[in-house]
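Residues -27 to -1, 1 to 300, numbered by mature numbering (1 follows the signal peptide of the UniProt record, and there is no 0), are exactly what the sequence shown covers, in order.
Backbone N, C-alpha and C define an ideal beta-carbon position, used for all residues, glycine too.
If you're wondering where the values come from, they're calculated on a predicted model, not measured in any experiment.
Data first, discussion second: the structure below is written as structure tokens.
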Amino acid sequence: MFRNTRTLAFLCMLLILIMLSACGTVATPPAQTSESSQPANKTETDKAVTRIFKDVQGREVKIPVTPQKVVYVGSNPGDLLAIGIKPVGATLSVIASQIAYPEMIEGITDVGYPYSQEKILALEPDLIIFDDWDVKGLAPLEKIAPTIVTGLDDATPTKERVMLTADVLGRTEAAEAWFKTYEEKAAATKKKLQLKGNETAVSLLLMGKNMFIMGNQGLNTTLYGQLGFKPSAGTQQLVDKNERFVDISSEVLPDYMGSDIFILNDSVSETVTAQNTLMDSAIWKTIPAVKQGHVYTLNSKFNYDDPITLDLLLDEIVQVMSGAGKK
């Protein structure tokens, strides 16, 4: 599929960076401002179809009141899809294989990653949503269409980020309805799990030969924020430091383990080999959670935090903890 290993390595590192950079420190909530002053030649029609919006960078951008052709640059297209907006284009090339809802991205034009200016221009967008870690990619987009930044390399909570996106797109009521339904489902899922209240969980992400302990993002936002698990002692240190993840070796695994271990992996042969090697190791077999059978495996696509993935994750956790995903 790939012409050389250098290309493969580059794309793998891009995927790792995207997956691990979806969140970070909480950003200051953006504020929307009204277009208080208009040049004398502005018509009532013009006022009705545009407005001024202040994004997370404090940029005041004139945007359409009702965008018709939206391009999304980032790793969470589910932010738009969950509120009923299907972008005409999105940066899908690296993340497509890691999306938990492939049927929903059908028909969306892949503009590449890094994005292709030519492909975006061809789509003639009237609005671009920018939620990417590479801030240098912002300037070229501003020359194509009004561009709103909803996130950069930070950990703006999902609800805050989606509500901002909904505000930009005029879909606030749809977003509020979605989160109401989700929170009810999360409460029902927590009840199904019947946790005792003292369970500590750790998320272990395997990607090729790389092994990461997740901190304050990804799967952990659901485990700790919705389902009642507490962070393991090692993970708590990451959360306290507001760290998203840490790259570790197998030798220090016991320092991070909790009563329950959630492994996030993919089907790439290198990942499968690395996981088998880990599970055959003496150090793995000494971990109490392993001995007690409290190890659960999920596909790494569930480590994203867009609304659709979070909703599907609730069902997946019930399934794996009932036995289907035990290792």
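Measure the CB-CB distance between Leu237 and Phe202 and report whether it falls below 8 Å.
no
Consider the Cβ of Trp151: report whether some Cβ of chain B lies at a distance smaller than 8 Å.
The chain labelled as chain B is not found in the depicted structure, where only one protein chain is given.
Looking at the secondary structure, which residues open and close the beta strand (DSSP E) in which Leu177 lies?
Thr173 to Met180
Are the Cβ atoms of Val29 and Asp105 separated by less than 8 Å?
no
Given this structure, state the Cα-to-Cα distance separating Pro40 from Asp220, to the nearest angstrom.
41 Å
Hey, could you find the ends of the beta strand (DSSP E) Leu237 is sitting in?
Asp233 to Asn238
Do you know how far the Cα of Gln167 is from the Cα of Asn193?
Straight-line Cα distance between these residues: approximately 18 Å.
Pull up the distance between the alpha-carbon of Val268 and that of Gln210, whole angstroms please.
Straight-line Cα distance between these residues: approximately 21 Å.
Within a Cβ cutoff of 7 Å, which residues of the same chain sit near Lys264, ignoring the five residues on either side of it in sequence?
Here the set comprises nothing.
Of the residues Pro261, Pro113, Lys163 and Lys158, the one placed nearest Val175, counting alpha carbons only:
Pro261
At what residues does the beta strand (DSSP E) containing Lys164 begin and finish?
Boundaries around Lys164 are those of the alpha helix (DSSP H), Thr145 to Leu166, since no beta strand (DSSP E) includes it.
Residue closest to Asn272, alpha-carbon to alpha-carbon, out of Asp140, Leu65, Gly198 and Val293
Val293
Could you tell me which residues DSSP pairs with Arg134 in its beta bridges?
Arg134 has no beta-bridge partner at all, per DSSP.
So Thr244 is in the alpha helix (DSSP H); what residue range does that whole segment cover?
Start and end: Ser242 to Met252.
Terminal residues of the continuous beta strand (DSSP E) containing Tyr269?
First-last of the beta strand (DSSP E) with Tyr269: Val268 to Asn272.
Look up Val44 in the DSSP assignment and say whether it is helix, strand or coil.
strand
Cα-Cα separation, Ile186 to Ala160:
26 Å
Cβ neighbours of Ser223 in the same chain (closer than 8 Å, five flanking residues each side left out)
Met184, Leu251, Ser254, Ile256 and Trp257
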